[in-house]
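Basically our numbering = 1-based index in the sequence shown + 23. Note that beta-carbon positions come from the ideal geometry of N, C-alpha and C, so glycine has one too. Treat the numbers as computed from the prediction; the structure is a model and nothing was measured.
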Amino acid sequence: MQLLGNDYYMLSSEKSLNSEQMNSLMNMYMPLVSPLAMCLYMTLLHQPLTTQSYDTHLHLCERLQCTITQLEEARIELEHFLLLKSYVKEVTDKNIYIYDLQYPLYIPEFLRHFTFARLLLNKVGQDYIERYSKDITMIQDIEECQEITSQMKISITDWNSEKEEFIRQNIDNLPSDKKDPYANYDMITYLRRIDPNEFTIKRSKLTQNDIEYIDLLGAQYQIHKEEMVKILHKTINRTSGKLEKEKFATQCISHSPILNKRQANYSMEPIEYATCLLEAPLKSEEVKAIRTIQADYKLDNPTMNYIIECSIERTTSHRVVPNYLLTAAKNLISPKMIEEKVTKKKSTKSYRRVESIPNYEQEEEIDEVDLNELQSKLEQFKKKRVM
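Put into structure tokens, the structure is as follows:
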């Protein structure tokens, strides 16, 4: 079957080589396969499985700077040396190739292989083979030896509890050796590496402000970069290429691994608080209701979070019910505040601006909001913060 540039290819799974496998690839296989075949193997090895797990052979040719015929010859070389298994599925106008990378044999296994060992000897000569055979023998000899390494004998007669306490405190105060993987979150560099031709994300249309916002929330909510690619797919407008920030923030909160482990607290942002209580993503209408009602009624986070908690506990759906939030918010503000909210003073242009209150469809019967209980809970929370 002739390979065409428009034929798709995809990897069956991701693989990574340990140091011994890499050593074998460089020293056993490299003398036998062509440089292009080796480059093809390394390219497929380091191609991550993102949301777009397929590509065309034409793009692979562009990356390796070769013709489609040369690419097919390199692929066959890898197959001959058992470094690749290839499968093809015929579709209407093109074929889909599935490539299953194989691990290289370890050096001892390679040198025992009936065919590979003879090909290598014929290519590089006896001295080359003997050098690696001696290294293997030496390692084997060391493993079979008896260890006689002397161990330090410690005898501290003047050690006391004060010294022990000091050394423990000193160790605790030392900075951790572990680096925070989210300290320097850089999504654009990651996209350039995995998607240089912008097939997945049109990053060139993102503004600098968008990029900074993506990195900020990615680090804050510890979103793995592969997961961030999926989030960006959902939150970048396909027509304009712009980031829909509110939708993006909601997705980050919903997919954050740290929020699922955190305990809900009234001091949280309301959307985070609701996500923690539900342990699931919020619906778009729930997010919109929380933001609109909090802004319109000027509710602080503890007040808004308590209303959310009541909605989840007391409504039959056990969700964030917009009508419940609206009823509770209305009960919290005075008639004077309502009057100021609905009617504004006339301007010199003689028109009256009326700010609309959110109008939500009735989803279910709403329990009556106990205003006294709400105020009592908030007072208890404020006292705890002062203490």
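Residue closest to residue i, alpha-carbon to alpha-carbon, out of the options
i, options, result
"Gly148", "Pro54, Pro127, Leu349 and Tyr236", "Pro54"
"Tyr32", "Val111, Glu96 and Ser57", "Val111"
"Ala297", "Leu34, Glu37 and Ser334", "Ser334"
"Ser277", "Ser290, Ile259 and Gln245", "Gln245"
"Lys321", "Thr350, Leu355, Tyr289 and Asn346", "Leu355"
"Glu332", "Leu142, Ala287 and Pro304", "Ala287"
"Ala13", "Lys157, Ile224, Thr338 and Asn346", "Because the chain in this structure spans residues 24 to 410, residue 13 falls outside the shown range and cannot be described."
"Asp238", "Phe222, Asn220, Ala272 and Glu221", "Ala272"
"Ala318", "Thr115, Leu348, Asn220 and Glu37", "Leu348"
"Lys268", "Tyr236, Phe189 and Gly241", "Tyr236"
"Met65", "Ser156, Pro325, Leu106 and Glu308", "Leu106"
"Ile121", "Ser35, Lys306 and Asn145", "Ser35"
"Ile130", "Ser184, Lys146, Asn145 and Glu153", "Glu153"
"Asn207", "Phe189, Leu240 and Ile224", "Leu240"
"Phe133", "Met24, Glu302, Thr223 and Gln44", "Gln44"
Coarse secondary structure for residue i, derived from DSSP in three states
i, result
"Tyr31", "strand"
"Glu387", "Here the model assigns Glu387 a pLDDT of 48, short of 50, so the residue's position is not dependable, and the following value carries that caveat. Of the three classes helix, strand and coil, the one that applies to Glu387 here is coil, per DSSP."
"Glu132", "helix"
"Thr339", "coil"
"Arg37", "Rather than Arg, the amino acid found at residue 37 in this sequence is Glu. In this structure, Glu37 counts as coil in the three-state DSSP scheme."
"Ile234", "helix"
"Leu68", "helix"
"Ile259", "strand"
"Leu240", "helix"
"Leu266", "strand"
"Tyr320", "coil"
"Val252", "helix"
"Asp195", "helix"
"Tyr6", "There is no way to answer for residue 6, as the model of the chain reaches only from 24 to 410."
"Leu300", "helix"
"Val56", "coil"
"Gln274", "helix"
"Phe189", "helix"
"Met24", "coil"
"Asn354", "helix"
"Leu305", "coil"
"Lys228", "helix"
"Met291", "coil"
"Pro20", "With the chain running from 24 to 410 in the structure shown, residue 20 is simply not present."
"Gln10", "It is not possible to answer for residue 10, since the shown part of the chain is limited to 24 through 410."
"Asn207", "coil"
"Thr223", "coil"
"Ile330", "helix"
Per-residue burial, residue i [other beta carbons within 10 Å of its own, 16 or more giving buried]
i, result
"Gln88", "exposed"
"Asn328", "buried"
"Val310", "buried"
"Glu100", "buried"
"Met51", "buried"
"Tyr77", "exposed"
"Gln274", "buried"
"Met210", "buried"
"Arg216", "exposed"
"Lys248", "buried"
"Ile259", "buried"
"Ala351", "buried"
"Pro58", "exposed"
"Arg98", "buried"
"Ala60", "buried"
"Ser279", "buried"
"Ile330", "buried"
"His80", "buried"
"Thr180", "exposed"
"Lys368", "Confidence at Lys368 is low in this model, with a pLDDT of 37, below 50, so its placement is unreliable and the value that follows should be read with caution. Exposed: under 16 other Cβ atoms inside 10 Å."
"Val252", "buried"
"Thr230", "exposed"
Length of the line joining the Cα atoms of residue i and residue j
i, j, result
"Leu63", "His341", "54 Å"
"Val96", "Asp30", "It is Glu, not Val, that sits at residue 96 in the sequence shown. Approximately 16 Å between the Cα atoms of the pair."
"Leu68", "Thr262", "34 Å"
"Glu378", "Asp323", "Legend: pLDDT at Glu378 = 42, less than 50; position of this residue unreliable, value from coordinates given subsequently. Spanning the two alpha carbons is a distance of roughly 20 Å."
"Ile162", "Thr92", "Caution is warranted here: a pLDDT of 49 is assigned to Ile162, below 50, making its placement in the model unreliable, and no coordinate value can be reported."
"Ile165", "Asn46", "Interpretation of Ile165 is limited by its pLDDT of 46, a score under 50 that renders its predicted location unreliable; the figure taken from the coordinates is listed afterwards. Cα-Cα distance, rounded: 20 Å."
"Ser290", "Lys117", "56 Å"
"Lys353", "Pro293", "18 Å"
"Phe139", "Leu26", "27 Å"
"Asp123", "Cys299", "40 Å"
"Asp150", "Arg141", "14 Å"
"Leu266", "Asp233", "6 Å"
"Asp195", "Lys186", "14 Å"
"Phe137", "Leu128", "13 Å"
"Lys250", "His256", "With the sequence shown as reference, residue 250 is identified as Glu, and Lys is not the correct amino acid for it. Answer to the nearest angstrom: the Cα atoms are 10 Å apart."
"Leu143", "Ser109", "24 Å"
"Leu214", "Ser307", "27 Å"
Exercise. Which parts of the region 78 to 161 are runs of the alpha helix (DSSP H), unbroken and 4 residues or longer, counting only runs that do not cross its ends?
Worked result: 80 to 87, 91 to 103, 130 to 135 and 139 to 147
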